[in-house]
Amino acid sequence: RIIHRSSKKLIKKLPNRPLTNIDIQEHARDIPHFRGVYMKDQLPRKPKQIECGVVNLDDSKNEGTHWVAYVKVSDYCEYFDSYGDLKPPIELMRYFKNCRVYYNYTRYQNFNTVNCGHLCLEYLWKFWNKNV
1 RIIHRSSKKL IKKLPNRPLT NIDIQEHARD IPHFRGVYMK DQLPRKPKQI ECGVVNLDDS
61 KNEGTHWVAY VKVSDYCEYF DSYGDLKPPI ELMRYFKNCR VYYNYTRYQN FNTVNCGHLC
121 LEYLWKFWNK NV
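Residue 48 in UniProt numbering sits at position 48 of the sequence shown, and the numbers go up by one each step.
1. Which same chain residues, not among the five before or five after Tyr76, have their C-beta less than 7 Å away from its C-beta?
2. In the DSSP assignment, the alpha helix (DSSP H) including Arg94 goes from what residue to what residue?
3. Please go through the same chain and pick out, in chain order, the residues whose beta-carbon is closer than 6 Å to the beta-carbon of Lys72, but skip the five residues on each side of it.
4. With burial defined as no fewer than 16 other Cβ atoms inside 10 Å of the residue's Cβ, what is the status of Lys13: buried or exposed?
5. Which stretch, first to last residue, makes up the alpha helix (DSSP H) that contains Lys50?
6. Would Tyr102 and Ser82 be called neighbours here (beta carbons separated by less than 7 Å)?
7. Could you give the C-beta distance for Gly53 and Arg35, rounded to a whole number, given that I count them as a contact under 8 Å?
8. Check each candidate in Leu19, Ile31, Trp67 and Pro15 and name the one with the smallest Cα separation from Lys40.
9. So the candidates are Lys130, His27, Tyr123 and Gly84; which of them puts its Cα closest to the Cα of Gln111?
10. I'd like to know whether the C-beta atoms of Pro32 and Trp125 end up nearer to each other than 7 Å.
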């Protein structure tokens, strides 16, 4: 797999700890069509035609559990979970209601690690820069 140089720089800049919503927002500034960072129960009311984002699988009343990412282009949606082979939660499926949703089967993260936010940012960067 080819890793773009800018992707490597992004990963090196990230702190070696679990990422907060503020960390993710700050490091996602240059990712095309980045809409935001959300808790699963606080998604925007309506998706844009083209957007991407990072979502925490916890509810907003809690501190957060695990970051996932998504990309939406028209009626095509990709859902990325670094644990792999896990379908999007019902809240995201409702958000993507008019989309064909695809998700990854490959595991990129071990269960005893805390790099899910890092992997979400890397996934989004690679998605938009795959033709570079």
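Don't be surprised by glycine CBs; every beta carbon is placed ideally from N, CA and C.
Taking the definition as stated:
1. On the sequence shown, position 76 is the one that residue 76 refers to. Counting only Cβ-Cβ distances below 7 Å, and skipping sequence neighbours, we find Cys99 and Arg100.
2. Walking along the sequence shown from the start, residue 94 turns up at place 94. Looking at the DSSP string, the run of the alpha helix (DSSP H) that includes Arg94 is Ile90 to Tyr95.
3. Translated into the one-based positions of the sequence shown, residue 72 becomes position 72. Within the same chain, Lys72 has close Cβ partners Pro47 and Glu51.
4. Taking the sequence shown and counting its residues from 1, one reaches residue 13 at position 13. Lys13 should be labelled exposed.
5. The residue given as residue 50 occupies position 50 in the sequence shown. The sequence given here has Ile at residue 50, not Lys. Ile50 -> not in any alpha helix (DSSP H); beta strand (DSSP E) instead, spanning Ile50 to Asn56.
6. Against the sequence shown, residue 102 aligns to sequence position 102. Against the sequence shown, residue 82 aligns to sequence position 82. No, the pair does not count as a contact, with Cβ atoms beyond the cut-off.
7. As a working note, residue 53 is residue 53 in the sequence shown. As a working note, residue 35 is residue 35 in the sequence shown. The pair is a contact, with the Cβ atoms about 5 Å apart (cut-off 8 Å).
8. Here residue 40 corresponds to residue number 40 of the sequence shown, with the count starting at 1. Ranking the options by Cα distance to Lys40, first place goes to Trp67.
9. Counting from one through the sequence shown, the residue named residue 111 turns up at place 111. Sequence check: residue 111 is Phe here, not Gln. Looking at the Cα atoms, Gly84 is the closest of the given residues.
10. Locating residue 32 in the sequence shown gives position 32, counting from the first residue. Locating residue 125 in the sequence shown gives position 125, counting from the first residue. The answer is no: Cβ separation not under 7 Å.
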